[in-house]
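Enquirer:
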Amino acid sequence: MRLSSVLLAGGGSAGHVSPLLALADCLRRRDPDTRVTALGTEKGLEQRLVPARGYDLRAIPKVAFPRRPGGALVRLPGALKAAVGAAGAVIDEISPDVVVGFGGYVSTPAYLAARRRGIPIVVHEQNARPGLANRLGARMTPYVATTFASTSLPHARVVGMPLRREIATLDRVASRAQALTHFGLDDHHPTLLITGGSLGAQRLNAAFASRVDSLRTHGIQVLHITGLGKEFAHESRVDGPPYVVAGYVDRMDLAYSAADLVVARAGANTVCELTAVGLPAVYVPLPIGNGEQRLNATDVIAAGGGTLVDDSDLTPRWVDQILVPLMTDGRRTAEMATAAASIGERAADERLADLVEVAADSRGAR
Numbered sequence: 005m006r007l008s009s010v011l012l013a014g015g016g017s018a019g020h021v022s023p024l025l026a027l028a029d030c031l032r033r034r035d036p037d038t039r040v041t042a043l044g045t046e047k048g049l050e051q052r053l054v055p056a057r058g059y060d061l062r063a064i065p066k067v068a069f070p071r072r073p074g075g076a077l078v079r080l081p082g083a084l085k086a087a088v089g090a091a092g093a094v095i096d097e098i099s100p101d102v103v104v105g106f107g108g109y110v111s112t113p114a115y116l117a118a119r120r121r122g123i124p125i126v127v128h129e130q131n132a133r134p135g136l137a138n139r140l141g142a143r144m145t146p147y148v149a150t151t152f153a154s155t156s157l158p159h160a161r162v163v164g165m166p167l168r169r170e171i172a173t174l175d176r177v178a179s180r181a182q183a184l185t186h187f188g189l190d191d192h193h194p195t196l197l198i199t200g201g202s203l204g205a206q207r208l209n210a211a212f213a214s215r216v217d218s219l220r221t222h223g224i225q226v227l228h229i230t231g232l233g234k235e236f237a238h239e240s241r242v243d244g245p246p247y248v249v250a251g252y253v254d255r256m257d258l259a260y261s262a263a264d265l266v267v268a269r270a271g272a273n274t275v276c277e278l279t280a281v282g283l284p285a286v287y288v289p290l291p292i293g294n295g296e297q298r299l300n301a302t303d304v305i306a307a308g309g310g311t312l313v314d315d316s317d318l319t320p321r322w323v324d325q326i327l328v329p330l331m332t333d334g335r336r337t338a339e340m341a342t343a344a345a346s347i348g349e350r351a352a353d354e355r356l357a358d359l360v361e362v363a364a365d366s367r368g369a370r
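According to our numbering, the sequence shown holds residues 5 to 370 in order.
(1) Find out if the Cβ-Cβ distance for the pair Tyr287, Leu312 is shorter than 8 angstroms.
(2) Closest by CA to Glu97, which one among Leu11, Ser346, Val148 and Arg215?
(3) Could you compute how far the alpha carbon of Gly141 sits from the alpha carbon of Tyr147?
(4) Tell me the residue span of the beta strand (DSSP E) that contains Gly44.
(5) Among all the DSSP beta bridges, which residues are the ones paired with His128?
(6) Between which two residues does the alpha helix (DSSP H) carrying Arg169 extend?
(7) Locate the beta strand (DSSP E) running through Leu227, then write down its first and last residues.
(8) Assign Asp29 to buried or exposed, taking buried as 16 or more other Cβ atoms, counted over all protein chains shown, within 10 Å of its Cβ.
(9) Find out if the Cβ-Cβ distance for the pair Leu283, Gln225 is shorter than 8 angstroms.
(10) What's the call for Ile292, buried or exposed, on a 16-neighbour Cβ count within 10 Å?
(11) Using a Cβ-Cβ cut-off of 6 angstroms (strictly less than) and excluding sequence neighbours within five positions of Arg350, which residues of its own chain qualify?
(12) If I measure Cβ to Cβ from Ala345 and keep anything under 6 angstroms in the same chain, skipping five residues before and after, which residues do I get?
(13) In terms of DSSP beta bridges, what is Val104 paired with?
(14) In this structure, how does DSSP classify Arg180 when only helix, strand and coil are distinguished?
(15) Under a three-way DSSP split, which group does Arg355 fall into?
(16) Considering only the beta carbon of each residue, do Leu61 and Val54 sit closer than 8 angstroms?
(17) Report the rounded CA-to-CA distance for Tyr59 versus Ile125, giving the unit in angstroms.
(18) Under a three-way DSSP split, which group does Ile292 fall into?
(19) Leu265 lies in the beta strand (DSSP E); which residues open and close that run?
(20) Excluding sequence positions up to five away, which residues of its chain have a Cβ less than 8 angstroms from the Cβ of Ala181?
(21) If we ignore side chains and look at the alpha-carbon of each, how far apart do Ser111 and Ala357 end up?
(22) Does the beta-carbon of Val21 have 16 or more other beta-carbons within 10 angstroms, so that it is buried, or is it exposed?
(23) Quick check on Thr145: buried or exposed, where buried means 16 or more other Cβ atoms within 10 Å of its Cβ?
(24) Find the nearest neighbour of Pro289 within the set Asp101, Arg241, Asp315 and Ala306, judged by alpha-carbon distance.
(25) Determine which residues share a DSSP beta bridge with Gly310 and list them.
(26) Run through the DSSP bridge pairs and tell me what Leu197 is partnered with.
(27) In terms of residue numbering, what span does the alpha helix (DSSP H) encompassing Val323 cover?
(28) What does DSSP give as the partner residues of Tyr247 in its beta bridges?
(29) Quick one, are the C-beta atoms of Gly231 and His193 less than 8 angstroms apart?
(30) Would you call the CB atoms of Glu361 and Leu25 closer than 8 angstroms?
(31) Is it true that the CB of Leu227 sits closer than 8 angstroms to the CB of Val248?
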């Protein structure tokens, strides 16, 4: 069916905003006349990313569910009521055919406001272990999409993670020469990509900053994305291939094209991007939180497309004893790349858009 208006709810972190934007782009490709409105918070990444992509953003109050008794729990009913009212006002203004939630602070108010108005709801859960908002939302609708098969939610169907178009359509082989030139890397050394995400990861930065000479001695060139403000200047004492340090890279498609192996956190979006483009990886789950990052990497590790190292075990000694032998074993990294690609999903945005259309259709069928 033709969608005249869609409300996408999600914000606060890149994990929610990235798939939201990927779906928005897909819906616009299908029908440029579809009105796409995003619901977010007042201070999240969406305040910059959503308008920059050309979409209307409406902010509602942030509602966090306290994990323990206290003043915040006492204030929750009033805060939630206000947020549901604000979400409802946006819904009444734009009259969406369907509300799609990606979890986070604004999804629960959006789900509740949509249910009161009889508007179809679609839930997309990015992580293997679902968050509270989407556990609630999944009880309100039969249209529930997950990234990972292991995710336990009512009515769940696996669609994968909607990805940025430049990642979903990336041909690493065709782009490799451009990528190496872009970052000042050589074309005759294996390339290690290190990234802790947009904020960086101190554990990764510290471990590799002390092994610059060791990696160069073994003929390994490195693109190390440290996070803004966390760059370091190394004074290597040996000859060898480049060790490039960057605080932030806005062409991650080229970073992936240059890489032969990645060391990264195991955020859902990172895992799905790496498998989609067929990159083997060493995943270093965050040691805090509810353990979802370890679960996010379960499938790719089981398939042989990656390995896992605990945050506390990622030391300079680990770099020398484990990573260097892996990086210099071209046959093994090639096998891992094939395994990673075997479980990658490049068309999740289209699959989720299909579900959105089915949900919108259900309203007319009532």
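For every residue, glycine included, the Cβ atom is placed at its ideal position computed from N, Cα and C.
Expert: Short version:
(1) Here residue 287 refers to the residue found at position 283 of the sequence shown. Here residue 312 refers to the residue found at position 308 of the sequence shown. Their beta carbons are under 8 angstroms apart, which means Tyr287 touches Leu312 by this criterion.
(2) In the sequence shown, residue 97 corresponds to position 93, counting from 1. Ranking Leu11, Ser346, Val148 and Arg215 by Cα distance to Glu97 puts Leu11 first.
(3) One-based indexing of the sequence shown puts residue 141 at position 137. One-based indexing of the sequence shown puts residue 147 at position 143. Between Gly141 and Tyr147, the C-alpha separation is close to 10 angstroms.
(4) The residue given as residue 44 occupies position 40 in the sequence shown. Segment Arg39 to Gly44, the beta strand (DSSP E) holding Gly44.
(5) Translated into the one-based positions of the sequence shown, residue 128 becomes position 124. BP columns for His128 point to Ala149.
(6) In the sequence shown, residue 169 corresponds to position 165, counting from 1. First-last of the alpha helix (DSSP H) with Arg169: Arg169 to Ala172.
(7) If you number the sequence shown from 1, residue 227 lands on position 223. Gln225 to Ile229 is the span of the beta strand (DSSP E), which, as asked, contains Leu227.
(8) Along the sequence shown, read from residue 1 onward, the residue named residue 29 stands at position 25. Within 10 angstroms of the beta-carbon of Asp29 lie 16 or more other beta-carbons, which makes it buried.
(9) On the sequence shown, position 279 is the one that residue 283 refers to. On the sequence shown, position 221 is the one that residue 225 refers to. In this structure, Leu283 sits away from Gln225, with a CB-CB distance that is not shorter than 8 angstroms.
(10) Here residue 292 is taken as the residue at index 288 of the sequence shown, counted from 1. With fewer than 16 other CB atoms across the displayed protein chains lying within 10 angstroms of its CB, Ile292 is exposed.
(11) Counting from 1 along the sequence shown, the entry for residue 350 is found at position 346. Contacts found: Ala172 and Ala280.
(12) Stepping through the sequence shown from its first residue, residue 345 is reached at position 341. Closer than 6 angstroms at the Cβ level, and outside the excluded window around Ala345, lie Gly282.
(13) Within the sequence shown, numbered from 1, the residue matching residue 104 stands at position 100. According to DSSP, which records beta bridges pairwise, Val104 is partnered with Leu12 and Val126.
(14) Within the sequence shown, residue 180 is the residue found at index 176, counting from 1. DSSP places Arg180 in helix when its eight states are reduced to three.
(15) Along the sequence shown, one-based indexing puts residue 355 at 351. Shown here, Arg355 sits in a helix according to DSSP, grouped into three states.
(16) Position 57 of the sequence shown, counted from the first residue, corresponds to residue 61. Position 50 of the sequence shown, counted from the first residue, corresponds to residue 54. Result yes, Cβ atoms of Leu61 and Val54 sit closer than 8 angstroms.
(17) Position 55 of the sequence shown, counting from 1, holds the residue named residue 59. Position 121 of the sequence shown, counting from 1, holds the residue named residue 125. When rounded, the distance between both Cα atoms is 20 angstroms.
(18) Your numbering for residue 292 matches position 288 in the sequence shown. Three-state DSSP puts Ile292 in coil, outside helix and strand.
(19) Locating residue 265 in the sequence shown gives position 261, counting from the first residue. Bounds of the beta strand (DSSP E) holding Leu265 are Leu265 to Ala268.
(20) In the sequence shown, counting from the first residue as 1, residue 181 sits at position 177. Asp191.
(21) Looking up residue 111 in the sequence shown gives position 107. Looking up residue 357 in the sequence shown gives position 353. Cα-Cα distance, rounded: 18 angstroms.
(22) Here residue 21 refers to the residue found at position 17 when the sequence shown is read from its first residue. Here Val21 is buried, its C-beta having at least 16 other C-beta atoms within 10 Å.
(23) Taking the first residue of the sequence shown as 1, we reach residue 145 at position 141. It counts as buried.
(24) One-based indexing of the sequence shown puts residue 289 at position 285. It is Asp315.
(25) Here the question's residue 310 lines up with position 306 in the sequence shown. BP columns for Gly310 point to Ala285.
(26) Reading the sequence shown from its first residue, position 193 is the one you call residue 197. DSSP lists Leu227 and Val266 as partners of Leu197.
(27) Your numbering for residue 323 matches position 319 in the sequence shown. For Val323, no alpha helix (DSSP H) encloses it, and the DSSP letter there is neither H nor E.
(28) Position 243 of the sequence shown holds residue 247. Per DSSP, Val226.
(29) In the sequence shown, counting from the first residue as 1, residue 231 sits at position 227. In the sequence shown, counting from the first residue as 1, residue 193 sits at position 189. Judged by their CB atoms, Gly231 and His193 are not nearer to each other than the 8 angstroms cut-off.
(30) On the sequence shown, position 357 is the one that residue 361 refers to. On the sequence shown, position 21 is the one that residue 25 refers to. Cβ atoms of Glu361 and Leu25: not closer than 8 angstroms.
(31) Taking the first residue of the sequence shown as 1, we reach residue 248 at position 244. Taking the first residue of the sequence shown as 1, we reach residue 227 at position 223. Inclusion of Val248 and Leu227 in the CB contact set at 8 angstroms is warranted, their separation being smaller than that value.
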